[in-house]
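**Student:** Read top to bottom, the protein sequences are chains A and B.
Just so you know, numbering that gives the first Met the number 0 puts 152 at position 153 of the first sequence, and the rest follows in order with no gaps.
Just so you know, numbering that gives the first Met the number 0 puts 27 at position 28 of the second sequence, and the rest follows in order with no gaps.
Note that CB positions come from ideal geometry on N, CA and C, so glycine has one too.
Here it is, the structure in full.
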Amino acid sequence: MERFQNFHFKGQNINEKILLIVRRHWFDILKQFFLVFLIVFFLTLFFSAFSYFYSANIFSGTDMRPLVFFVGSSLALLIWIYIFLIWIDYYFDVWIITDKRVINIEQKGLFMRHISELELSKIQDVTTETEGIIPSILNYGDVHIQTAGTVTRFVFWHVPDPYKIKGIIMKLQGKAQHKEIRKLGKAIHKAGQQEEVT
Amino acid sequence: MLNIIGIFYFIAFISFLLAALFVVFHIVKYSINKMSSFVMLVIFVLVFIILLISNVALFFSLPWEQMLDFSGLNNSGF
């Protein structure tokens with residue numbers, strides 16, 4: 000797809016095209032940000048009330064407002080960094096579907112990153128799961144990809160429109176398997192021709 | 000006592016810087032789209048610098064000696 004031309008991941012092959020990039024649904028990160036917004040809201044209320052009601056001469060003529068603002072500034076710094084840590088955890092958790100494989104990149108906090116991949120031809124089954132009122136209304140859920148093994152290899156967690164993703168993967172899987180069969184057919188045909196020659 | 004406050008603030012300052020460096024490192028190294036990583040970096044770094052500078056300015060503008068005198072924590076030995 001042309002809109003992913005500017006995207007590039009480490010380990011991407013030269014002829015490999017990115018077809019879809021999937022991240023968790025926005026509601027997933029909103030739940031984490033909600034707490035931060037709540038803290039910011041109450042802190043803002045507190046500091047506004049403090050500035051308004053505080054008397055400048057309570058502590059032997061020392062104005063304590065600069066101290067309060069300093070504490071507020073330190074908290075703002077902490078909150079800003081924390082917001083971006085949450086963002087990093089969300090933004091760098093990504094599933095990439097190319098014309099050859101599915102790649103799962105999981106950012107687990109700082110300095111811990113898991114990358115796994117699965118060839119499209121090895122996919123046996125894809126199932127989707129949408130549980131709960133909010134996921135049903137907002138249309139997000141999980142996509143489980145099964146290979147020939149008994150353990151589920153890949154899970155797309157809390158992704159938007161899981162049915163569409165399932166459809167795309169199944170379509171690509173079908174094409175990949177068809178390609179494998181044709182390759183195998185050509186190899187058998189070639190082997191047969193060589194036997195005839197000898 | 001003033002020295003101790005200074006040391007604590009220095010440690011906090013270095014911690015803020017390190018945390019910001021980690022964020023920048025992750026954005027630069029792991030982003031799969033250069034344009035979005037550039038935008039994220041600009042937003043993060045600009046706001047961080049403004050907050051850090053204001054934090055340092057506020058720290059140095061505080062009358063620590065007066066506050067410590069009032070609280071009785073300031074010892075002539077320090």
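Could you tell me whether any Cβ in chain A is nearer than 9 Å to the Cβ of Phe-43(B)?
**Tutor:** For Phe-43(B), the answer is yes, since a Cβ of chain A falls inside 9 Å of its Cβ.
**Student:** Starting from the beta carbon of Asn-12(A), find every residue of chain B whose beta carbon is closer than 7 Å, and list them in chain order.
**Tutor:** Ordered by position in chain B, no residue passes the 7 Å Cβ test against Asn-12(A), which lies about 15 Å from the chain.
**Student:** Can you name the residues that DSSP bridges to Gly-140(A)?
**Tutor:** DSSP, once it has assigned bridges, lists Val-158(A) as partnering Gly-140(A).
**Student:** Give the straight-line distance between the Cα atoms of Val-70(A) and Ile-31(B), rounded to the nearest whole angstrom.
**Tutor:** Between Val-70(A) and Ile-31(B), the C-alpha separation is close to 37 Å.
**Student:** Assign Ile-187(A) to buried or exposed, taking buried as 16 or more other Cβ atoms, counted over all protein chains shown, within 10 Å of its Cβ.
**Tutor:** Ile-187(A) comes out exposed.
**Student:** Provide the residue span of the alpha helix (DSSP H) that contains Asp-88(A), from first to last.
**Tutor:** Counting along the chain, the alpha helix (DSSP H) containing Asp-88(A) begins and ends at 64-90.
**Student:** Do you know offhand how far Thr-43(A)'s Cα is from Gln-11(A)'s?
**Tutor:** Cα to Cα, the separation comes out at about 46 Å.
**Student:** May I ask you to list, following chain order, the residues of the region 59-81 of chain A that have a beta carbon less than 7 Å from some beta carbon of chain B?
**Tutor:** So the close ones are Ser-59, Thr-61, Pro-65, Leu-66, Phe-68, Phe-69, Ser-72, Ser-73, Ala-75, Leu-76, Trp-79 and Ile-80.
**Student:** Verify the CB distance criterion: does Phe-47(B) have a CB-CB separation below 9 Å to chain A?
**Tutor:** At least one chain A Cβ lies under 9 Å of Phe-47(B).
**Student:** Tell whether a beta-carbon distance below 9 Å holds between Leu-50(B) and Ser-115(A).
**Tutor:** No, they are not a contact pair.
**Student:** So which residues of chain B does His-7(A) contact, with C-beta pairs closer than 9 Å?
**Tutor:** What His-7(A) touches in chain B: Ile-31, Asn-32 and Lys-33.
**Student:** Name, in chain order, the residues that DSSP records as bridge partners for Leu-117(A).
**Tutor:** According to DSSP, which records beta bridges pairwise, Leu-117(A) is partnered with Val-101(A).
**Student:** Examine chain B for any beta-carbon lying closer than 9 Å to the beta-carbon of Tyr-90(A), and answer yes or no.
**Tutor:** So yes, Tyr-90(A) belongs to the interface.
**Student:** Given a cut-off of 9 Å on the beta-carbon distance, is the pair Asn-101(A) and Ile-20(A) in contact?
**Tutor:** Strictly speaking, residue 101(A) in this sequence is Val, with Asn absent from that position. No.
**Student:** Go ahead and label Arg-64(A) buried or exposed: buried means 16 or more other beta carbons lie within 10 angstroms of its beta carbon, across all protein chains shown.
**Tutor:** Arg-64(A) comes out exposed.
**Student:** Interface residues of chain A around Val-22(B) at Cβ under 8 Å?
**Tutor:** Within 8 Å Cβ-Cβ: Ile-80, Phe-83, Leu-84 and Ile-87.
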